[in-house]
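So the sequence shown is residues 0 to 54, counted in numbering that gives the first Met the number 0.
First up is the structure itself, then whatever we jot down about it.
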Amino acid sequence: MVSATQQTERRRSIRARKAGTKTAKARAKSGTPAFAVHPEGYDPKAPDAKPAKSE
0 MVSATQQTER
10 RRSIRARKAG
20 TKTAKARAKS
30 GTPAFAVHPE
40 GYDPKAPDAK
50 PAKSE
């Protein structure tokens, strides 16, 4: 039989490891949040604009 201290420390370590696993999994599965690639007022002739596809 283990001592009460050992048992408590073991339980604490298990709890610390498991803390946040559900939310961490949910965040990982949700992926990258949506964000505006070309916001309103975007100028396609701006210096940082991607070049147009030429077919």
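We put the beta carbon where it would ideally sit given N, CA and C, even for glycine.
Original post:
Would you report the Cα separation of residue 17 and residue 36, rounded to the nearest angstrom?
Top reply: As a first step, residue 17 is located in the sequence shown; it is residue number 18 there, counting from the start. As a first step, residue 36 is located in the sequence shown; it is residue number 37 there, counting from the start. Cα to Cα, the separation comes out at about 37 Å.
Original post:
Could you give the distance in angstroms between the alpha-carbon of residue 44 and the alpha-carbon of residue 34?
Top reply: In the sequence shown, residue 44 corresponds to position 45, counting from 1. In the sequence shown, residue 34 corresponds to position 35, counting from 1. Looking at the two C-alpha atoms, the distance is approximately 21 Å.
Original post:
How long is the line joining the alpha carbons of residue 51 and residue 42, rounded to whole angstroms?
Top reply: On the sequence shown, residue 51 is found 52 positions in, with the first residue counted as 1. On the sequence shown, residue 42 is found 43 positions in, with the first residue counted as 1. If you take the alpha carbons of residue 51 and residue 42, they lie about 13 Å apart.
Subject >> Between the CA atoms of residue 30 and residue 3 - distance to the nearest angstrom >> reply: To locate residue 3, count along the sequence shown from 1; it is residue 4. To locate residue 30, count along the sequence shown from 1; it is residue 31. Rounded to whole angstroms, residue 3 to residue 30 spans 42 Å at the Cα level.
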